[in-house]
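Chains as they are written, first to last, in our numbering: chain A, 1 to 251; chain B, 252 to 502.
Down below is the structure, laid out as structure tokens.
2 protein chains.
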Amino acid sequence: MSDTVTAAVLVIGDEILSGRTKDRNVGYIAEYLFKAGVELREARVVPDVEDEIVAAVNALRARYDYVFTTGGIGPTHDDITSECIAAAFGVPWERQPTVWARMEAHYPPGGFNAARQRMATMPRGAVLIDTGHIAPGFSLGNVHVMAGVPFIMQLMFETLARRLQGGIPVISRSVHATGVREGDIAAGLTEVQRRYPDIDIGSYPYFREKSGSGVAIVAKGTDAPATEAAIDEVIVLFRSIGGDPVSGEPD
Amino acid sequence: MSDTVTAAVLVIGDEILSGRTKDRNVGYIAEYLFKAGVELREARVVPDVEDEIVAAVNALRARYDYVFTTGGIGPTHDDITSECIAAAFGVPWERQPTVWARMEAHYPPGGFNAARQRMATMPRGAVLIDTGHIAPGFSLGNVHVMAGVPFIMQLMFETLARRLQGGIPVISRSVHATGVREGDIAAGLTEVQRRYPDIDIGSYPYFREKSGSGVAIVAKGTDAPATEAAIDEVIVLFRSIGGDPVSGEPD
């Protein structure tokens with residue numbers, strides 16, 4: 001792996017595409033990876049359709065260091081992520097002995113039925129993401145397969161995160177000024193960006209009932225002094241057009 | 252267009268991938284399209300990088316009836332969606348006379364600066380998504396380009412929506428039962444799904460502080476009687492394992 005460690009998130013589920021469920025997993029994983037110095041480069045949402053899942057998994061795993069999937073690992077007919085991962089990797093989908101034994105012991109006679117047995121069936125070579133709960137997620141190669149329900153996904157992600165190799169941590173500094181409009185600072189901001197080519201400078205208008213509208217500037221980079229120097233220049237820029245810059249993001 | 256009208260959403264912006272901003276546009280568009288009978292088949296999030304935006308736009312516009320993009324149409328250096336759409340279509344990026352004239356008239360002398368002029372520059376052939384605000388979104392072919400700030404995006408989308416051709420409206424019926432576990436109904440649910448191959452039946456576990464945990468079943472289809480009959484069978488299924496099914500989604 002080079003210094004830059006990259007990742008993608010693949011959200012699997014009809015319920016996100018129909019609007020029934022609002023995804024919260026991308027935001028959670030994004031925040032975590034950012035702090036860990038892993039660059040999240042892409043996120044995709046695909047339906048519970050085998051060809052779509054397989055194609056997305058193969059496109060993303062070839063391109064990024066890590067792929068995180070969420071959703072589709074339960075026991076019902078619409079949960080097909082696990083067999084799709086096996087198909088994407090071209091490996092058998094078979095009993096996972098640890099999970100199988102654990103689930104068999106957990107349920108009363110007859111309770112470990114065919115549906116639940118599917119949750120104990122995984123691609124050959126899967127490494128468990130084991131939270132201590134009955135049905136774990138798993139990793140296969142660089143693909144990490146987690147539940148879709150946010151609190152379960154978060155438990156799995158925290159368990160998994162210990163195994164991830166981060167990059168150089170990125171730091172982020174920000175400043176905002178109410179009453180300023182993007183169009184009034186854009187030229188100056190382009191100049192700041194040119195002087196700090198290794199710092200990512202983003203401009204985000206905001207509209208708050210309480211504090212009014214304005215612009216927040218966020219600088220991100222692995223070089224802390226350069227990141228701070230870039231924000232210092234933005235502060236000067238805000239003042240040059242009569243703005244009143246305040247550190248950090250707006251409330 | 253066939254009876255099935257399909258769509259994709261492309262979210263453009265580093266701020267979503269860094270976790271700074273939580274996307275709310277996919278959920279909004281998804282809900283709207285679902286009601287309009289347009290099938291949202293995919294969503295992607297890409298960074299503010301030309302090659303990534305161009306590749307995603309071209310992949311999605313070739314595949315779906317509608318593509319909706321959000322983000323990256325402001326005046327600052329990180330707003331590059333508009334020129335990327337021109338590049339994706341291989342058309343010039345040039346002054347849009349209506350918007351140019353309007354913005355020129357709106358700002359005091361010197362205010363319609365180079366940065367703001369970028370917002371009045373669009374791919375040749377762009378059709379405005381005009382909300383009456385200063386800077387509109389636009390459509391080019393089947394690609395509809397909107398702002399990233401949710402309330403502006405929503406105004407644009409509502410303006411645009413009048414022009415969209417919907418499919419056959421999909422109806423959705425649901426039932427839930429607290430105390431039931433997915434693994435206990437999965438086999439029966441698979442049978443219901445087999446009997447109603449044209450209805451999409453989804454199973455979603457829930458965990459509520461107030462009402463406890465259970466399973467919600469959602470059936471979606473264009474055939475209302477079949478959708479309702481499928482849910483009736485799920486009600487029977489819930490009762491067969493001692494569940495107490497309640498119409499609709501859990502609170």
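For each residue, glycine too, the CB sits at the ideal point set by N, CA and C.
For Thr257 of chain B, no alpha helix (DSSP H) segment is defined; the enclosing uninterrupted segment is the beta strand (DSSP E) at 256–263. Straight through space, the alpha carbons of Lys471 of chain B and Tyr447 of chain B are spaced by roughly 11 Å. In this structure, Gly388 of chain B sits away from Gly322 of chain B, with a CB-CB distance that is not shorter than 8 Å.
The criterion of a C-beta distance shorter than 8 Å is satisfied by Val277 of chain B and Val262 of chain B.
Under the DSSP assignment, Gly188 of chain A falls in the alpha helix (DSSP H) whose first and last residues are 182–195. Contact between Leu40 of chain A and Ala7 of chain A holds, since their C-beta atoms are separated by about 5 Å, short of 8 Å.
Judged by DSSP in its simplified three-state form, Leu415 of chain B adopts coil rather than helix or strand. Val215 of chain A is positioned such that its CB atom lies no closer than 8 Å to that of Glu249 of chain A. Residues of the stretch 235–248 of chain A with a C-beta atom less than 8 Å from some C-beta of chain B do not occur. Boundaries for His106 of chain A: no beta strand (DSSP E) harbours it, while the alpha helix (DSSP H) harbouring it runs 97–106, taken from the DSSP string. Exclusion of the five residues before and after Ile452 of chain B leaves Leu440, Val443, Gln444, Ile468, Ala470, Ala481 as the residues of its chain whose Cβ lies within less than 7 Å of its Cβ. Under the three-state reduction of DSSP output, Glu460 of chain B falls in the coil class, being neither helix nor strand.
Contacts with chain A (Cβ-Cβ distance below 9 Å) from the stretch 268–292 of chain B involve Leu268, Ser269, Gly270, Arg271, Thr272, Lys273, Asp274, Arg275, Val277, Gly278, Tyr279, Ile280, Ala281, Glu282, Tyr283, Leu284, Phe285, Lys286, Glu290, Leu291, Arg292, listed in chain order.
Annotation note: the stretch 22–92 of chain A contains the following uninterrupted alpha helix (DSSP H) runs of length 4 or greater, listed N- to C-terminal: 25–36, 50–63, 81–89. Taking a contact to require three or more Cβ pairs closer than 8 Å, the stretch 136–156 of chain A and the stretch 173–180 of chain A do not qualify as touching. Per DSSP, the continuous alpha helix (DSSP H) segment holding Pro476 of chain B begins and ends at 475–491. Against chain A, the CB of Lys471 of chain B has a partner CB under 8 Å away; the residue lies at that interface. Assigned with DSSP and collapsed to three states, Ala219 of chain A falls in strand.
Shown here, Phe389 of chain B sits in a strand according to DSSP, grouped into three states.
In this structure, His77 of chain A sits near Ala437 of chain B, with a CB-CB distance shorter than 8 Å. In this structure, Glu31 of chain A sits away from Arg295 of chain B, with a CB-CB distance that is not shorter than 8 Å. Counting C-beta atoms within 10 angstroms of its own C-beta, Gly341 of chain B has fewer than 16 neighbours from the protein chains shown and is therefore classed as exposed. The secondary-structure analysis by DSSP pairs Ile171 of chain A across a beta bridge with A:Gly221.
Residue state for Glu94 of chain A is assigned as strand, using DSSP reduced to three classes. Counted as a single uninterrupted DSSP element, the alpha helix (DSSP H) harbouring Ala366 of chain B occupies residues 365–370. Shown here, Ile452 of chain B sits in a strand according to DSSP, grouped into three states.
Interface with chain A (8 Å Cβ-Cβ cutoff): His395 of chain B is excluded. The beta carbon of Arg118 of chain A sits closer than 7 Å to the beta carbons of Pro75 from its chain, once the five residues preceding and following it are set aside; these are given in chain order. Residue nearest to Asp302 of chain B within the set B:Phe458, B:Glu334, B:Gln405 is B:Glu334 (criterion: CA-CA distance). Taking Leu128 of chain A as the centre and dropping the five residues before and after it, the same chain places the C-beta of Pro136, Phe138 closer than 6 Å to its C-beta, in chain order. Here Arg116 of chain A is buried, its C-beta having at least 16 other C-beta atoms within 10 Å. Secondary structure at Thr131 of chain A: coil, using DSSP grouped into helix, strand and coil. Leaving aside the five residues that flank Tyr457 of chain B on each side, the residues in its chain whose CB is nearer than 8 Å to its CB run, in chain order, His427, Ser464, Gly465, Val466, Ala467, Pro501.
Burial is judged here by how many other beta carbons sit within 10 angstroms of a residue's own beta carbon; Pro97 of chain A has fewer than 16 and is exposed. In this structure, the CA atom of Ser240 of chain A is about 11 Å from the CA atom of Val180 of chain A. Within chain A, the residues Glu182, Ala186, Leu189, Ser203 have their CB atoms less than 7 Å from the CB of Thr327 of chain B, given in chain order.
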